[in-house]
Amino acid sequence: MTDTWLVTGGAGFIGRVVVEQLLAWTEGPQVVVLDAMTYAAHPVALRAVGESYAGLPESSRLTIVEGDVADGVLVSKLMARVRPRVVLNLAAETHVDRSLSNNAPFVRTNVEGTEMLVRASVDCRVERFVQVSTDEVYGDRVGRRAARETDGVEPTNPYAATKACGDALVQAAVRSSGLDAVITRGCNTYGPGQFPEKLLPLAALRWGADQPMWVYGDGLQERVWLHVDDHAAGILAAARVGTEGAVYHFSGGRPRTNQATLESWRRALGLGGRPDDYLRRVADRPGHDRRYALGDQETRRQLGWAPRRSWRSGLRATAKWLASNPQFWASSLEQHGVSAFFAAQYGEPPVVAS
Ligand code: DAU
């Protein structure tokens, strides 16, 4: 029987790297991607991944299906047809600021979409389901120890609440429907191909146009950063050797304030100047969590996973990729109402014509 893996959200930032790593396995599985191709997807880049592994577009090992995970009929039909052995759920609405102004697409994809996939996976007797989630489900860790893999969730923003709901649906199916599932929760992820609404690619876009980057509040919120290659490798390790019902954490190096992160990023991009000139303080994100912190000791022990990229080399490699791919998102910024989002969020588009 063919070994088929269904990757939802495979045209997204982390999903694409997961697909690439799956295709890189010799004797690896057939990969079917299901992706709604929203504003943050890059189908052209995903097709290029397929080509680079087979010399042909839509190689025999990669099939791309455009569709919404919350469309139950589509999901059931697709699963009945391709009979995946493994399902990796990376389909998600991910941007906190967007969830604060309209959480409906987050509820649809992150909650209803997860439920549709879970139900179809139970019906199709999928052998392993991986729910890709986030450190944000634990809420603000300021003044508290790092969250352990066994801790309960306490989300504080609408996006995180939808991810926590999706995770709960998966956990319920493990217990009540015998689904063999694991949940992975990662910290802030960066690297090539990230949509420029997130901190690092947005800063690069702004600085590239000689505009200051917006910093929410005092800029002293703490985040931990993980390179996308390390995050994807963790997800695949959890898929292969994780224990049914377990939660796994992927954390990176030490916590850094947003201001310090932007200063390192500026250096990696080879740009100079004083923070007062290249950063602009703006109103804080409502309910902004000051600190996220994930303990990943159990995960490292059980999966044999550890991040391989150092912060400096990861930033340098990302800067190099951006320099060689300056137009990667150009067409998307004008489509899907992306400019309108920036205008509403910051009162100006990301790049102001001078
Ligand atoms: O922690 C994992 C999460 O990381 C993922 O689950 C989310 O899907 C992903 O979007 C990311 O969430 P964040 O809200 O932490 O990422 P973002 O890049 O939007 O912001 C990182 C930090 O930088 C956060 O403290 C807010 C701040 N920030 C962000 C933007 C876009 C600014 O100060 N200015 C900005 O313009």
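In the numbering used here, the protein residues as written are 44 to 397.
The beta carbon of each residue, even a glycine, is placed where N, CA and C say it ideally should be.
- Residue environment for K363: exposed (fewer than 16 other C-beta atoms within 10 angstroms of its C-beta).
- Taking all protein chains in view, the Cβ of D46 is surrounded by fewer than 16 other Cβ atoms within 10 Å, so the residue is classified as exposed.
- For Y389, the uninterrupted alpha helix (DSSP H) run begins and ends at 381-389, by DSSP.
- With contact defined as three or more Cβ pairs closer than 8 Å, the stretch 112-122 and the stretch 153-173 are in contact.
- Under the three-state reduction of DSSP, F56 is assigned to helix.
- Contact between R266 and R299 holds, since their C-beta atoms are separated by about 7 Å, short of 8 Å.
- When only Cα atoms are considered, T81 and L248 end up about 20 Å apart.
- Short note on C230: C-beta closer than 8 Å to some heavy atom of the ligand DAU.
- Note on geometry: alpha-carbon atoms of P201 and A211 lie some 15 Å from one another.
- Three or more Cβ pairs closer than 8 Å define a contact, and the stretch 311-320 falls short of that threshold against the stretch 128-136.
- Of all C-beta pairs linking the stretch 130-144 to the stretch 53-65, three or more are shorter than 8 Å, placing the two stretches in contact.
- Counting other Cβ atoms within 10 Å of its Cβ, N145 stays below 16 and is therefore classed as exposed.
- The criterion of a C-beta distance shorter than 9 Å is satisfied by A83 and E240.
- Among the bridge pairs identified by DSSP, A190 is matched with L337.
- By the beta-carbon neighbour count (other beta carbons within 10 angstroms, threshold 16), A311 is buried.
- Following the DSSP letters along the chain, one finds Y321 inside the alpha helix (DSSP H) bounded by residues 318-321.
- Within the DSSP secondary-structure output, A224 pairs in a beta bridge with F172.
- The Cβ-Cβ distance between D78 and E179 does not fall below 9 Å.
- Under a 10 Å Cβ-count criterion, A216 is classified as buried, with 16 or more other Cβ atoms of the shown protein chains found around its own Cβ.
- Annotation: the stretch 228-302 contains the following complete segments of the beta strand (DSSP E) (minimum length 3 residues), in chain order: 231-233, 256-259, 268-270, 290-293.
- In this structure, V61 has its beta carbon at no less than 8 Å from each heavy atom of the ligand DAU.
- The C-beta distance from L263 to S294 rounds to 20 Å, too long to meet the 8 Å contact threshold.
- At the C-beta level, I57 and G229 come within 9 Å of one another.
- Judged by DSSP secondary structure, T157 falls within the alpha helix (DSSP H) whose first and last residues are 156-166.
- Less than 9 Å divides the Cβ of R188 from the Cβ of G338.
- Taking every protein chain shown into account, the CB of V185 has fewer than 16 other CB atoms within 10 angstroms, so this residue is exposed.
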